[in-house]
Amino acid sequence: MGDKQPQGMATKGMPEGPEIPDKSQVDTSQKAGGQPGLQRDMQAQPVSDKLPTQHGDQDVLTLEAYKGVGKFRGKVAIVTGGDSGIGRSVALLLAKESAKAVAIVHLPKEQPDADEAKKLIEAEGVEAMLIPADLSEGEEACRCIVEQVVQKHGQINVLINNAAIQYIVPSITETTPEIVEDTFKTNIFPLFYLTKHAVPHMPRGSAIVNSTSVTAYQGSKSLLEYSATKGAIVAFTRSLAGQLAPQGIRVNGVAAGPIWTPLNPASRDQENLEGWLSKEPPLGRIGQPIEAATSYLFLAGQESSYMTGQVLHPNGGYVVNG
1 MGDKQPQGMA
11 TKGMPEGPEI
21 PDKSQVDTSQ
31 KAGGQPGLQR
41 DMQAQPVSDK
51 LPTQHGDQDV
61 LTLEAYKGVG
71 KFRGKVAIVT
81 GGDSGIGRSV
91 ALLLAKESAK
101 AVAIVHLPKE
111 QPDADEAKKL
121 IEAEGVEAML
131 IPADLSEGEE
141 ACRCIVEQVV
151 QKHGQINVLI
161 NNAAIQYIVP
171 SITETTPEIV
181 EDTFKTNIFP
191 LFYLTKHAVP
201 HMPRGSAIVN
211 STSVTAYQGS
221 KSLLEYSATK
231 GAIVAFTRSL
241 AGQLAPQGIR
251 VNGVAAGPIW
261 TPLNPASRDQ
271 ENLEGWLSKE
281 PPLGRIGQPI
291 EAATSYLFLA
301 GQESSYMTGQ
311 VLHPNGGYVV
321 NG
């Protein structure tokens with residue numbers, strides 16, 4: 001099982017390739033439902049479990065199924081925002097790598113996406129726990145999430161702090177306390193609370209991977225609040241890495257660039273979304289969730305055993321520093 005492939009489409013400056021959204025596939029109808037949006041409703045379905053690949057002289061991108069080799073056998077993982085987008089892809093790849101159980105934390109209104117993610121994970125023979133929760137509600141919500149996982153599985157080996165929202169605000173004069181507080185309560189506060197309660201149940205060799213963003217490094221004039229939280233996550237990651245290193249727990253981050261997820265059509269109007277789609281990184285196209293998810297798996301696994309406090313940048317070729 002996996003993503004249904006829509007018809008391929010041409011991409012400016014690049015070979016024709018499947019799964020690359022263009023303006024003709026933009027649908028903002030889900031915007032009325034609020035963030036972070038439902039993957040189920042997207043016309044161009046994001047790719048969660050197949051890697052875009054180009055061979056030799058081929059002038060098209062083809063999709064090749066991700067093949068796991070048991071890298072996370074016996075491990076228990078929590079993925080916030082694991083119902084859709086990058087989070088769903090991370091959760092599904094963990095399942096393909098034989099994790100013991102993957103707990104998906106999602107908003108109650110995202111139940112349709114969560115149910116689909118659960119189905120995909122269970123098709124790999126892996127237990128999927130669905131935990132509906134609003135992380136912005138504070139520490140108690142985060143404590144309850146950890147408690148549910150630990151009561152059932154005894155420990156946590158992988159924590160993926162991924163859930164986020166964003167608001168398009170053209171000018172700082174237009175921001176509001178509600179926008180600022182909602183963004184920070186969702187994007188950065190839960191990292192403190194989830195990690196606080198998870199760490200006592202994480203044995204040596206465990207890993208935490210936090211979702212930051214290319215905007216933390218390049219900035220974004222219309223995503224001031226979002227970018228500020230993502231910059232905070234970089235500092236959080238670096239600082240926590242030093243704190244947990246003596247316990248054998250590694251902490252790293254992923255700063256993805258433009259990736260086709262439900263958050264974008266859910267948070268942008270038609271004009272803004274078309275402008276976002278027209279921006280081309282050096283690789284000439286918007287990325288797919290799996291193209292970021294593989295960085296999370298690398299950082300959560302033993303291949304990165306000598307890395308902590310670091311950030312990977314699956315962003316289509318933008319060069320960033322810092």
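The opening position of the sequence shown corresponds to residue 1 in UniProt numbering, with each subsequent residue numbered one higher. Just so it is clear, CB atoms sit at the ideal spot from N, CA and C, and this is done for glycine as well. Values in this document were obtained by computation on a predicted structure and should not be read as measured data.
Use the C-beta contact count for residue i: other C-beta atoms within 10 angstroms, 16 or more gives buried, fewer gives exposed.
i             : result
valine 69     : exposed
proline 52    : buried
serine 171    : exposed
threonine 173 : exposed
proline 200   : exposed
valine 320    : exposed
threonine 215 : buried
glutamine 302 : exposed
lysine 152    : exposed
glutamine 166 : buried
tyrosine 193  : buried
threonine 183 : buried
tyrosine 226  : buried
proline 46    : buried
lysine 75     : buried
threonine 237 : buried
serine 84     : buried
threonine 261 : buried
alanine 114   : buried
glycine 154   : exposed
glycine 317   : exposed
glutamate 291 : buried
Who does residue i pair with in a DSSP beta bridge?
i              : result
methionine 129 : Ala103
alanine 256    : Ser213
glutamate 181  : Glutamate 181 is not bridged to any residue.
asparagine 161 : Asn210
glutamate 303  : Answer is none; glutamate 303 lacks a bridge partner.
arginine 238   : DSSP output for arginine 238 lists no bridge partner at all.
leucine 312    : Val254
Write down the C-beta distance between residue i and residue j rounded to the nearest angstrom, noting that I regard them as a contact closer than 8 Å.
i              : j                 : result
alanine 77     : valine 102        : 5 Å
leucine 223    : asparagine 210    : Not a contact, Cβ separation roughly 18 Å.
serine 89      : aspartate 49      : 7 Å
threonine 308  : alanine 245       : 6 Å
serine 304     : phenylalanine 298 : 5 Å
asparagine 187 : alanine 164       : 5 Å
Got a sec, what are the start and stop residues for the beta strand (DSSP E) residue i sits in?
i          : result
lysine 221 : Lysine 221 -> no beta strand (DSSP E), and no H or E assigned at all.
lysine 50  : 50-53
alanine 77 : 76-80
Below 8 Å between beta carbons: does that hold for residue i and residue j?
i              : j              : result
isoleucine 119 : leucine 130    : Here residue 119 is lysine; the residue named in the question, isoleucine, does not match the sequence. In this structure, leucine 130 does not lie closer than 8 Å to lysine 119 by Cβ.
valine 254     : leucine 312    : yes
proline 289    : isoleucine 86  : yes
tyrosine 66    : isoleucine 160 : no
lysine 185     : serine 136     : yes
arginine 204   : glycine 138    : no
glycine 287    : proline 314    : yes
glycine 231    : asparagine 162 : no
serine 213     : alanine 256    : yes
alanine 95     : valine 79      : no
alanine 128    : isoleucine 104 : yes
alanine 198    : isoleucine 156 : yes
glutamine 169  : alanine 300    : According to the sequence displayed, residue 169 carries valine and not glutamine. Contact: no.
alanine 293    : leucine 93     : yes
proline 132    : glutamine 148  : no
Along the chain, where does the alpha helix (DSSP H) that runs through residue i open and close?
i             : result
threonine 195 : 189-198
threonine 294 : 289-300
leucine 63    : Taken as a continuous stretch (DSSP letters only), leucine 63 belongs to no alpha helix (DSSP H), being part of the beta strand (DSSP E) at 62-65.
valine 149    : 139-153
valine 117    : Per the sequence presented here, residue 117 reads as alanine, with valine not at that position. That run of the alpha helix (DSSP H) goes 111-122.
isoleucine 86 : 85-96
Would you verify that the beta carbon of residue i is, or is not, closer than 8 Å to some beta carbon of chain B?
i          : result
serine 171 : Here there is only one protein chain, and chain B is not present.
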